[in-house]
Amino acid sequence: MNITQAAFVTSSADPERVPVFHAPEYAFIGRSNVGKSSLINALCRRRIAKTSQIPGKTQLINHFRINDSWYLVDLPGYGYARTSKVQRAGFSRLITSYILSRRNLATVFVLVDARHAPLKSDLDFITWLGENGIPIAICLTKADKLTRGALAQNLAVYRTALATQWEELPPMIVTSSASSVGMDEILDYIEHTNQELSAL
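Residue numbering for the sequence shown follows full-length UniProt numbering, beginning at 1 and increasing consecutively.
Written out as structure tokens, the structure reads:
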């Protein structure tokens, strides 16, 4: 799949007020400063998501219509320590309400930093998605910062950690926004899922 069109549609602070769309939605989420906006921009090959050196920049649900056939959804990050407890609670309600209520949500792409061992907040969130039957794929970001050996080691650690909760591991995609590694794999995943949904 090639992305030829990417247009901002709406930002929402309340999932109950998000317009109803009938095309599949693919949501991207991760801990603050995991490189989510950079990945989205690399995926679309244009700057549609705002990047910032300040973690926690995204605080709304942002919808982008892609190729006039599906939606990319940029969700707020989680787990940023400098965000107040009230804000974090609000983000949590915003995120969970959207994920649990959105009927056309096709997949949640959970972004984790490939440079670090699995964090409890990431594993807890991934487990919560699985327990609620939400289709997910895991994107390991910033892979260009690691040697091949270190990347392989961290992938093995993630698989071992997930295997304690998952009988069948979710898809895991190694990515780098800087070198565009993994972008085609994400788009192929989305295209395949769209084809499966259209056949239903």
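Cβ atoms here follow ideal geometry from the backbone N, Cα and C, with glycine treated the same way.
Closest residue to residue i among the options (Cα-Cα distance)
i      : options                        : result
Asp124 : Leu105, Tyr78, Glu167          : Tyr78
Val34  : Trp166, Ser198, Ser176, Tyr189 : Ser176
Glu25  : Tyr98, Glu131, Arg148          : Tyr98
Glu16  : Ile40, Leu60, Arg31            : Leu60
Val18  : Ile29, Ser179, Pro171, Asn104  : Asn104
Glu185 : Leu39, Arg31, Asp14, Ala13     : Leu39
Ala27  : Gly149, Val20, Ile134          : Ile134
Start-to-end residues for the beta strand (DSSP E) that takes in residue i
i      : result
Ile29  : 25-30
Asp113 : 105-113
Ile173 : 172-174
Residue interval of the alpha helix (DSSP H) (run including residue i)
i      : result
Val157 : 148-163
Met1   : It is not in any alpha helix (DSSP H) - Met1 carries neither H nor E in the DSSP assignment.
Asn41  : 36-44
Ser92  : 85-101
Cβ-based neighbour list, residue i, same chain, cut-off 7 angstroms, excluding 5 preceding and 5 following
i     : result
Ala6  : Cys44, Arg46, Ile48, Phe64, Ile66
Lys85 : Low confidence applies here, because Lys85 scores a pLDDT of 47, under 50, leaving its location unreliable; read the following figure in that light. Around Lys85: no qualifying Cβ.
Chain-order list of residues whose beta-carbon lies under 6 angstroms from that of residue i (same chain, five-residue window excluded)
i      : result
Leu187 : Met1
Val174 : Leu140, Ala143, Gly182
Phe8   : Phe64
Ser11  : Leu60, Asn62
Beta-carbon contacts of residue i that lie in its chain and below 8 angstroms, excluding the five residues immediately before and after
i      : result
Leu200 : none
Asn194 : Pro24, Ser69, Trp70, Ala106
Asn154 : Ala114, Arg115, His116, Ala117, Leu140, Leu146
Leu129 : Ile99, Val108, Val110, Ile136
Arg159 : Leu169, Met172
Bridge-paired residues (DSSP) for residue i
i      : result
Ser179 : Looking at the DSSP assignment, Ser179 forms no beta bridge with any residue, so it has no partner.
Asp74  : Phe28, Asn62
Phe8   : Phe64
Leu140 : Val112, Val174
Any C-beta of chain B under 7 angstroms from that of residue i
i      : result
Thr193 : Protein chain content of the structure displayed is limited to a single chain, and chain B is not contained in it.
Integer Cβ distance of residue i from residue j, believed to fall under 8 angstroms
i      : j      : result
Val110 : Ile95  : No, Val110 and Ile95 are not in contact; Cβ-Cβ is about 11 angstroms, not under 8 angstroms.
Leu157 : Ile138 : According to the sequence as given, residue 157 is Val; it is not Leu. Not a contact, Cβ separation roughly 13 angstroms.
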